[in-house]
Amino acid sequence: MPIRQLPETLINQIAAGEVVERPASVVKELVENALDAGAHRIEIELQDGGTRLIRVRDDGGGIPADELPLAIQRHATSKIASLEDLEAVGTLGFRGEALPSIASVSRFSLGSLHRDATHGAELVVDGGRVGEVVPKAHPRGTTVEVRDLFFNTPARRKFLRAERTELGHIEEWLRSLALARPDIELRLSHNGKPSRRYRGEANDAGLFAQGRLQETLGAEFLAHALHMEHEAGGITVSGWIADPTYNRASADQQYVYVNGRSIRDRTIAHGVKQAYADVLYHGRQPAYVLFLTLDPRRVDVNVHPAKHEVRFRDSRLIHDAVYHAVAATLAEARAGREALSSA
Ligand code: ADP
Ligand code: MG
């Protein structure tokens, strides 16, 4: 075959392979867009585990009608404009890839009312075929509808799992978001029935509220949770760690956020594990919600399109900061208990 330029839709479908693994990845991308738009309330409606329908509505700033076609263009974003912006990125999105990718593998619509506009508008894309922007009533904010995910990419569709499994992935992702953003009201419904509701709470002192901790990880975690707040060398390690008497058979209650972004990171996991090494039975897992805050220029979030991982400029420092914060918090709690029991 001669070399040829691929058509736009196929390019987007290829990119979708990296960004859109399953319904939960669509929910993640759409909800992160809502957060970047300053939403306070986000509503997620699903049918059949998200395979038939994912609808995300938000009350954020919205998209001007004339920018709707741009929103579904590849590499079109309102979030960065230069390399300097990329190096200090403060939004969850920045690659301008999610909407075109999702729209290329689903029946997609994007409706919005921008905060400065008087009339709403909508744009429909059917498996990559882009329609016209049409007037459509919409409250302030944005609604994205994704129907029949992977209907035109049968190879991907085959990898979809049972409704319960896909719903479980979405609920788990939502829990990780709810932990990081107690200020946001989140509602999830499935097949017409309410499935999760997190009420938005006042978020004083930048700490997440205890009520949200109980809603997400349960009363028992909360009863054993030690609050952690340590700063050294411009790295703040905060959050909640469970005292060692509360431990798990698996790593199912380990949440890590870097500058508000939920990630997986072996360096951080190892730092925590080491701090618990002497106080946990072999084979048991600690439970924790750990927020790392540092200058965004010290961390590269542009490692993978799905942004599940980051790269630290100095991962040794990060490891040690995490280790010391967790070890100190555990030691303080132990000292507190000993003081109590000898009193
Ligand atoms: P990115 O988030 O990386 O910029 P996306 O493809 O996810 O790329 O979105 C493209 C653009 O569409 C965003 O930069 C933003 O301007 C706009 N957009 C998408 N979703 C929303 C939303 N819910 N509210 C307001 N604007 C949005
Ligand atoms: Mg995005």
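If you're matching positions, the sequence shown starts at 1 in full-length UniProt numbering and goes up one per residue.
Glycine is no exception: its CB is placed at the ideal position from the N, C-alpha and C atoms.
Going down the chain, each residue whose beta-carbon is closer than 5 angstroms to a heavy atom of the ligand MG shows up: N33, G93, A98. Looking from the CA of L179, the closest CA among H282, Q253, V146 belongs to Q253. With a cut-off of 6 angstroms, the C-beta of G192 is classified as distant from the ligand ADP, since no heavy atom of the ligand falls inside that distance.
Taking a C-beta distance under 7 angstroms as the contact criterion, V289 and G239 qualify as a contact pair. Two segments are said to touch when three or more pairs of C-beta atoms, one from each, lie closer than 8 angstroms; by this definition the region 24-39 touches the region 90-100. Contact between E18 and A306 holds, with the beta-carbon distance rounding to 7 angstroms and staying under 8 angstroms.
The way I'd put it, the region 120-132 doesn't touch the region 39-48; fewer than three beta-carbon pairs between them come closer than 8 angstroms. Only buried fits G62, as 16 or more other CB atoms lie within 10 angstroms of its CB. Each residue's CA atom was taken as its position, placing E122 and H114 some 12 angstroms apart.
Cβ atoms of R311 and A88 stay farther apart than 8 angstroms, at about 15 angstroms. Distance from the C-beta of D148 to the nearest heavy atom of the ligand ADP is not below 6 angstroms. Taking C-beta separations shorter than 7 angstroms and ignoring five residues to either side along the sequence, the partners of Q210 in its chain run L222, following chain order.
Shown here, E185 sits in a strand according to DSSP, grouped into three states.
In this model, V125 and E185 are separated by some 29 angstroms (Cα to Cα). The C-beta distance from S112 to H138 rounds to 6 angstroms, short enough to fall under 8 angstroms.
With fewer than 16 other CB atoms across the displayed protein chains lying within 10 angstroms of its CB, K158 is exposed. For F291, no alpha helix (DSSP H) segment is defined; the enclosing uninterrupted segment is the beta strand (DSSP E) at 288-293. Annotation: the region 145-174 contains the following complete segments of the alpha helix (DSSP H) (minimum length 4 residues), in chain order: 154-157. Straight through space, the alpha carbons of A71 and T77 are spaced by roughly 7 angstroms. In the DSSP assignment, D320 falls outside any beta strand (DSSP E) and within the unbroken alpha helix (DSSP H) covering 315-342.
Taking all protein chains in view, the Cβ of M228 is crowded by 16 or more other Cβ atoms within 10 Å, so the residue is classified as buried.
Residue pairing by DSSP places S262 opposite Y257 in a beta bridge. K28 has its CB no nearer than 6 angstroms to any heavy atom of the ligand ADP.
As the crow flies, the alpha-carbon of A162 is around 47 angstroms from that of R337.
When the beta-carbon positions are compared, A81 and G60 stay at least 7 angstroms from each other.
Minimum Cα-Cα distance from E43 among the listed residues E145, Y257, R4 corresponds to E145. For F108, there is no enclosing alpha helix (DSSP H); the residue is found in the beta strand (DSSP E) stretching over 107-113. V134 is bridged by DSSP to E122. In this structure, the beta-carbon distance from I268 to V322 falls below 7 angstroms. Here the region 251-265 does not lie against the region 185-200, with fewer than 3 beta-carbon pairs under 8 angstroms apart.
Taking C-beta atoms as the reference points, R248 and T216 fail to come closer than 7 angstroms. Look at R197 here: in three-state DSSP terms it is strand. In this model, E29 and S101 are separated by some 10 angstroms (Cα to Cα). The shortest CA-to-CA distance from P244 to any of S262, G218, A275, F150 is the one to A275.
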